[in-house]
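A quick write-up on the structure given underneath.
In our numbering, the protein residues as written are 890 to 1287.
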């Protein structure tokens, strides 16, 4: 078992080790799987051919939802396969953000595309108060980490957003509302765990990626026992199959803590699979597992889980690499080279700019290439230009 201190020491070494590797060669030597209360089915689920990426339809919009009797408009990023449906649906949401209005949904585009290529209509949404979604942020942690409900309350509040989105989508003719999978990253993973304890109609499974709440390294404002107790509380009534995905180098929720959360949740009777992954090739912090760069790690685990529970899935993994590794510009110094890896691993339109003396900046998860280039240049020039764009969308810009 790796402790938090051990992870801090190991992570930089892992980064140095993988820097010269291709993106598809991400280390997964520390992976292992634990199943509790999860009975695999002998009945195969619906299977479809892999949908080519070129046939996916991607759109942005605002989804009207009703939560606690009030109407809201939630920002969405939708990816759907060709055809009229009805499609099973994957509903995906984000983690917490210090600047909620600046949240970029396109960071989760690879995750949504992966489900769409399996035949799902995938909807990434921003919860109330995030990005362009209306309303106030309702899932903030309070100021008393040892108070009753400190973690449970915001978890259930965020779960209400999921339930509202699922209810709104289920009314649409192209949606099969009896086959819904909810997924979330970090705070979103915590939210879908809460959702499973009071599941809306049609929810057949959920995927928790690096889920939890709080900042465990900040012990002044964190109650580790309280977080574990929240998972136990959700597990008392959760009977929806769950897949938990965590990296052994997650700096927010390290193995010893995750195993406590998992044990508390499963001991309460909840069916769950905990799938560990090894380090990420582009970051010393495994909390970024849901990124494009982590796809070789999370894709096969999702496939195995969907097969185990008899959920809709593709007939085979497509086997395409998430990222083509490109060597960094020679002018970049140590920190710049690490940032280059993060740039390659980020989804959406992206651009990397460099200037004199090793200066650099980059922008990713943008809606257009022009916006990505503009933001990268603006930041780089502010650090002491002139700067120029050397890479767009992970390719040479020349």
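Glycine included, C-beta positions come from ideal geometry on N, C-alpha and C. Fair warning: this is a prediction, and the values are worked out from it, not measured in the lab.
Just to check my reading of the structure: residue i and residue j have Cβ atoms closer than 8 angstroms, yes? What is that Cβ distance to the nearest angstrom?
i	j	result
residue 927	residue 1162	5 angstroms
residue 1002	residue 969	So it is not a contact: roughly 10 angstroms between Cβ atoms.
residue 1175	residue 1139	4 angstroms
residue 1225	residue 1249	5 angstroms
residue 978	residue 1012	7 angstroms
residue 1237	residue 1255	6 angstroms
residue 854	residue 1178	Only positions 890 to 1287 of the chain appear in this structure, which leaves residue 854 out of reach.
residue 1151	residue 1230	About 30 angstroms; that fails the 8 angstroms criterion.
residue 917	residue 976	Not quite, the Cβ-Cβ distance comes to about 31 angstroms (not below 8 angstroms), so this is no contact.
residue 1015	residue 963	6 angstroms
residue 1164	residue 1049	With 8 angstroms as the limit, residue 1164 and residue 1049 do not qualify as a contact, their Cβ atoms being about 27 angstroms apart.
residue 1155	residue 925	4 angstroms
residue 1198	residue 930	6 angstroms
residue 1069	residue 1053	Residue 1069 to residue 1053, Cβ: 13 angstroms. No contact.
Of the residues the options, which one's Cα is nearest the Cα of residue i?
i	options	result
residue 974	1242, 1018 and 1008	1008
residue 998	1278, 1234 and 1051	1234
residue 1168	1144, 1242 and 1065	1144
residue 1117	1130, 1186, 1069 and 1103	1103
residue 1128	1189, 1017, 1089 and 1218	1089
residue 987	1023, 1120 and 1028	1028
residue 1077	1017, 1232, 1154 and 1093	1017
residue 1136	1121, 1180 and 1112	1180
residue 1034	1099, 1113 and 1218	1113
residue 1059	990, 1004 and 955	955
residue 1024	1006, 1004 and 989	989
Who are residue i's beta bridge partners in DSSP?
i	result
residue 1251	1241
residue 1094	1070
residue 950	965
residue 924	1162
residue 960	955
residue 1285	1280
residue 1232	Paired residues: none, contrary to the question.
residue 1020	Paired residue(s): none; residue 1020 is not in a bridge.
residue 1014	965 and 982
residue 1136	1166
residue 1172	1169
residue 936	1202
residue 976	1064
residue 1131	1095 and 1161
For a quick check, are the C-beta atoms of residue i and residue j less than 8 angstroms apart?
i	j	result
residue 1222	residue 1283	no
residue 1132	residue 1055	no
residue 1182	residue 1158	no
residue 1277	residue 1252	no
residue 1031	residue 1079	no
residue 1173	residue 1074	no
residue 960	residue 971	no
residue 1115	residue 1142	no
residue 1020	residue 1051	no
residue 934	residue 1202	yes
residue 1166	residue 1146	no
Closer than 8 angstroms, CB to CB, is residue i near chain B or not?
i	result
residue 955	No chain B is present in this structure, which holds just one protein chain.
At least three beta-carbon pairs within less than 8 angstroms, the region 935-949 to the region 1197-1217: yes
Taking one C-beta from the region 942-949 and one from the region 1022-1038 each time, how about it: are there three or more such pairs within less than 8 angstroms? no
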